[in-house]
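Peer 1:
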Amino acid sequence: MNKYPLAAAVALGLALAGCNKQEPKQAAEVALDTQEKKVSYIIAEDMAKRLESQDVTLDPQVVLMALDDVAKGRESRLSDEDKQQVVAVFQEKMQAKQQEMLAKQEAEFKAQAEKNLAEGKAFLEENAKKEGVITTDSGLQYKVITEGSGDTPALDSVVEVDYKGTLIDGTEFDSSYARGEPVQFPVNGVIKGWTEALQLMKEGAKWELYIPSDLAYGPGGAGGLIGPNATLIFEVELHKANVKQDSGEEKAAEQE
544 MNKYPLAAAV ALGLALAGCN KQEPKQAAEV ALDTQEKKVS YIIAEDMAKR LESQDVTLDP
604 QVVLMALDDV AKGRESRLSD EDKQQVVAVF QEKMQAKQQE MLAKQEAEFK AQAEKNLAEG
664 KAFLEENAKK EGVITTDSGL QYKVITEGSG DTPALDSVVE VDYKGTLIDG TEFDSSYARG
724 EPVQFPVNGV IKGWTEALQL MKEGAKWELY IPSDLAYGPG GAGGLIGPNA TLIFEVELHK
784 ANVKQDSGEE KAAEQE
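Per my numbering, the sequence shown starts with residue 544, numbered consecutively.
(1) Under 6 Å Cβ to Cβ from Tyr753, same chain only, skipping five residues before and after it: list those, please.
(2) By the DSSP assignment, the beta strand (DSSP E) with Glu778 in it spans what residues?
(3) Would you list the residues sitting across from Ser718 in a DSSP beta bridge?
(4) Alpha carbon to alpha carbon, what distance is there between Lys673 and Glu664?
(5) Just to confirm the assignment, what range does the beta strand (DSSP E) spanning Lys749 have?
(6) Would you check if the distance between the CB atom of Leu781 and the CB atom of Glu746 is smaller than 8 Å?
(7) If we count the other Cβ atoms within 10 Å of its Cβ and call it buried at 16 or more, is Leu487 buried or exposed?
(8) Going by alpha carbons, who is nearest to Lys658 out of Glu778, Pro762, Asn785?
(9) Between the C-alpha atoms of Ala773 and Asp712, what's the straight-line distance to the nearest angstrom?
(10) If you reduce the DSSP assignment to three classes, tell me which class Asp694 lands in.
(11) With a Cβ-Cβ cutoff of 8 Å, do Val726 and Thr738 count as a contact?
(12) I think Lys580 touches Val702, with their Cβ atoms under 8 Å apart; what is that distance to the nearest whole Å?
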């Protein structure tokens with residue numbers, strides 16, 4: 544049996560990548576019963592997937608011819624100069640495809656940003672008319688569910704809260720309630736809408752926040768479900784107004 548070097552195995556992977564486009568005869572079944580065969584399969588599979596994701600089309604018969612040439616020690620059928628010219632043209636085409644793809648993605652992102660901004664503005668305008676909803680000078684809206692009676696966090700406080708975040712269409716994107724435990728973070732280390740609201744709340748309070756995009760993640764979004772210019776709704780329950788202070792007092796008491 545001919546033993547192909549690693550480069551040949553990689554080339555075989557390239558051949559497989561072109562199979563879905565050229566539709567050659569189906570490959571014969573080979574039992575993957577040795578380390579060499581398994582490695583060959585893994586390399587070929589990986590290369591095929593990579594090239595497929597880049598929309599690269601190869602001629603399987605030509606690739607197999609190159610495999611045979613390398614395995615039998617024949618000289619290359621193309622000069623180094625030919626190879627350089629061909630590769631240069633290939634790279635130009637690939638770059639053009641990538642630029643086209645990026646332009647399409649940017650256009651889609653921009654359209655989504657404009658849509659989210661318009662829908663968010665309309666939502667907040669209607670929401671401001673509802674009973675119990677308060678709008679601050681920044682545009683933040685909130686509704687008090689439970690007042691609370693404890694301390695109010697400062698800008699440099701570390702708070703402990705439970706929360707649930709949704710989009711204006713009701714889609715939930717995050718929830719500490721779902722994870723089963725509250726979270727701690729600095730008041731000045733979160734989105735602007737949260738930072739403002741937390742400094743208005745008292746320990747034990749539960750509010751619903753309606754945060755315009757410029758006080759949330761803005762035109763960049765946050766990835767995942769939070770798109771560009773998304774208006775966000777949060778249910779926030781403030782358990783502790785200053786975790787640092789509480790921890791310091793506990794340690795002092797233990798030392799005494």
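Backbone N, C-alpha and C fix where the C-beta goes; we use that ideal spot for every residue, glycine too.
Peer 2: In brief:
(1) Asn670, Gln684, Ile776
(2) 775 to 783
(3) Lys707
(4) Strictly speaking, residue 664 in this sequence is Lys, with Glu absent from that position. For Lys664 and Lys673, the distance between alpha carbons rounds to 15 Å.
(5) 749 to 754
(6) yes
(7) What is shown of the chain runs 544 to 799, which leaves residue 487 out entirely.
(8) Pro762
(9) 11 Å
(10) coil
(11) no
(12) Their Cβ separation, rounded to whole angstroms, is 58 Å, which puts Lys580 and Val702 out of contact at 8 Å.
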